[in-house]
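The opening position of the sequence shown corresponds to residue 127 in the working numbering, with each subsequent residue numbered one higher.
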Amino acid sequence: MSKSSKTQVKTDSGVVEVKSKFDAEFRRFSVSRHEAGKYEDFKQLVERLHHLADVPFLISYTDPRDGDLLPINNDDNLGRALLTARPLLRVIVQRKAQQEDCLFHQFHHTEGSPPPILPLKFYLRIAVSRVLFLHKHDCSALRQQLRLLIKR
């Protein structure tokens with residue numbers, strides 16, 4: 127049986143092959159495209175397979191159409207991920223960043239005092255190197271500061 131016909135059988139059967147990555151560790155498992163509609167069940171399965179009982183984590187997947195990294199954080203996103211998987215759903219599991227990792231908290235200032243003045247190259251370096259970090263973590267205050275800086 128050729129590889130393409132094997133793939134066709136798996137796709138037609140309603141079973142999605144999942145390849146999940148956490149740090150340098152990979153796991154492969156299968157889920158039903160139609161029965162795995164609960165995000166919490168999927169999250170518990172990933173948690174069990176990667177031994178993440180005490181580790182807060184985020185789940186994302188790579189969209190096969192355009193290569194974007196999209197979150198799986200509710201039933202709808204999980205359903206969309208399973209429907210677009212062809213034939214493999216590539217899942218990336220990442221540790222949630224601690225609050226201290228957010229740049230806003232490193233440069234936090236008290237109410238009424240002016241924000242710290244930092245060189246423009248610092249902000250540009252942050253914007254380039256932390257784009258994914260800022261996208262994935264809620265550092266809206268820092269994002270707003272960067273937007274204001276860019277408008278100047």
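Heads up, the beta-carbon is just placed ideally off N, CA and C, and yes, glycines get one too.
Query, Result
"Taking contact to mean 3 or more Cβ pairs, one atom from each stretch, closer than 8 angstroms, check whether the stretch 212 to 219 and the stretch 168 to 179 are in contact.", "yes"
"Express the C-alpha separation of Arg-273 and Lys-247 in angstroms, rounding to a whole number.", "For Lys-247, the predicted structure reports a pLDDT of 49, less than 50, and the residue's modelled location is therefore unreliable. The matter cannot be settled from this model."
"Residues in its own chain within less than 8 angstroms of Thr-210 by CB, not counting five upstream and five downstream?", "Asp-189, Pro-190 and Arg-191"
"Among Leu-215, Pro-182 and Asn-203, which one has its Cα closest to the Cα of Arg-153?", "Leu-215"
"Taking buried to mean at least 16 other C-beta atoms within 10 Å of its own C-beta, is Phe-155 buried or exposed?", "exposed"
"Compare the C-alpha of Phe-148 against each of Asn-200, Gly-193, Asp-194 and Pro-182 and name the closest.", "Pro-182"
"What residues are listed by DSSP as bridge partners for Lys-145?", "Arg-154 and Arg-216"
"Between Tyr-165 and Leu-204, how many whole angstroms is the CB-CB distance? I'm expecting something under 8 angstroms.", "5 angstroms"
"Check each candidate in Ala-179, Tyr-187, Asp-180 and Asn-200 and name the one with the smallest Cα separation from Glu-143.", "Tyr-187"
"Can you have a look at Ala-207 and say buried or exposed, based on whether 16 or more other CB atoms are within 10 angstroms of its CB?", "buried"
"Quick check on DSSP: helix, strand or coil for Arg-174?", "helix"
"Give the secondary structure of Ile-276 by DSSP, where H, G and I count as helix, E and B as strand, and everything else as coil.", "helix"
"Reducing DSSP to helix, strand and coil, say where Asp-191 ends up.", "Just to set this straight, residue 191 is Arg in the shown sequence, not Asp. The answer is coil: DSSP assigns Arg-191 none of H, G, I, E or B."
"In angstroms with no decimal places, state the Cα-to-Cα distance between Ala-150 and Leu-184.", "16 angstroms"
"For Arg-221, does the three-state DSSP call read helix, strand or coil?", "strand"
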